[in-house]
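Following: one structure in structure tokens, then a few remarks.
Numbering (the working numbering), first residue to last: 2 to 309.
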């Protein structure tokens with residue numbers, strides 16, 4: 002996009018603003034999710050987003066707290082009664098009997114709360130353990146699904162952006178004059194071309210994992226969609242016109258050109274072309290001989306020759 006704007010400052014950049022904004026947000030999300038140093042606290046997420054919404058579980062916690070408080074209050078009363086019963090000043094038989102009966106009643110009640118608390122806490126722990134495991138798996142799957150959707154979104158936006166730039170380049174006089182008319186430019190104005198140019202400067206046997214993945218992607222697209230064309234002419238204006246016509250069919254097509262016999266022989270020997278276009282007015286020999294020579298180098302016998 003920067004290269005397009007540089008070559009043609011008449012292009013309105015605001016038409017890309019919305020798409021660039023979406024890509025920026027997706028890229029930020031992608032970076033956050035792939036960052037291995039940002040570990041998710043599953044327990045915290047589980048407590049805040051799952052358990053907080055479980056009405057029965059929250060009621061269970063409230064019941065446990067209430068019974069713990071009641072048990073603590075009973076134990077305090079039991080402790081005080083025991084102190085009173087052990088006090089030497091307390092010698093009234095009737096009062097002692099009443100306090101003992103009261104103590105037994107409190108102890109019985111406290112035993113009930115302790116027993117019920119054990120059962121309720123066991124239920125709570127079992128619920129927590131089972132659902133935490135389920136939640137962890139569900140969270141992991143959801144995270145992977147979301148991450149996959151973010152990648153899909155980035156791929157889609159990148160493709161839309163790439164196609165938009167490619168179509169603009171075909172109509173741009175600035176790109177035509179500074180890109181397509183240059184004889185060494187064989188590729189369309191698309192991201193794949195820029196990627197190929199980038200990789201062409203690197204040692205293919207020592208690529209980092211990212212560049213190696215990029216190379217494999219380029220090879221895949223080239224195998225699936227690329228066609229090669231040869232234009233035999235010394236007329237650069239005609240060459241540019243044909244380039245644009247071919248590139249408008251598919252951004253992954255390749256156009257080479259041969260202004261002289263030595264170029265033609267070398268290119269035909271080292272490449273397999275789908276179509277060879279021959280300019281009758283700007284060639285070094287008669288067209289029939291050029292075609293015969295081309296067929297001599299054609300390894301597959303499938304190359305078509307067309308006059309222009």
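Cβ coordinates follow ideal geometry from the N, Cα and C atoms, glycine included. Computed from a predicted structure; not experimentally measured.
The alpha helix (DSSP H) runs lying completely inside the segment 156 to 199 and spanning 4 residues or more number zero. Remark: C-beta atoms of residue 27 and residue 154 approach each other more closely than 7 Å. By the 16-neighbour rule on beta-carbons within 10 angstroms, residue 256 is buried. DSSP lists 277 as the beta-bridge partner residues of residue 306. With contacts defined by Cβ atoms closer than 7 Å, residue 167 and residue 190 form a contacting pair. In the three-state DSSP reduction, residue 258 falls in the strand class (E or B). Minimum Cα-Cα distance from residue 73 among the listed residues 258, 240, 110, 221 corresponds to 110. A Cβ-Cβ separation of about 6 Å places residue 51 in contact with residue 136 under the 8 Å criterion.
Within 10 angstroms of the beta-carbon of residue 56 lie fewer than 16 other beta-carbons, which makes it exposed.
Between residue 276 and residue 244, the gap from beta carbon to beta carbon reaches 7 Å or more. The continuous beta strand (DSSP E) containing residue 231 extends over residues 229 to 233.
Setting aside the 5 residues that flank it on each side, residue 169 is surrounded in the same chain by 5, 12, each with a C-beta closer than 7 Å to its C-beta; the list follows chain order.
Collapsing the DSSP output to three states places residue 15 in a helix.
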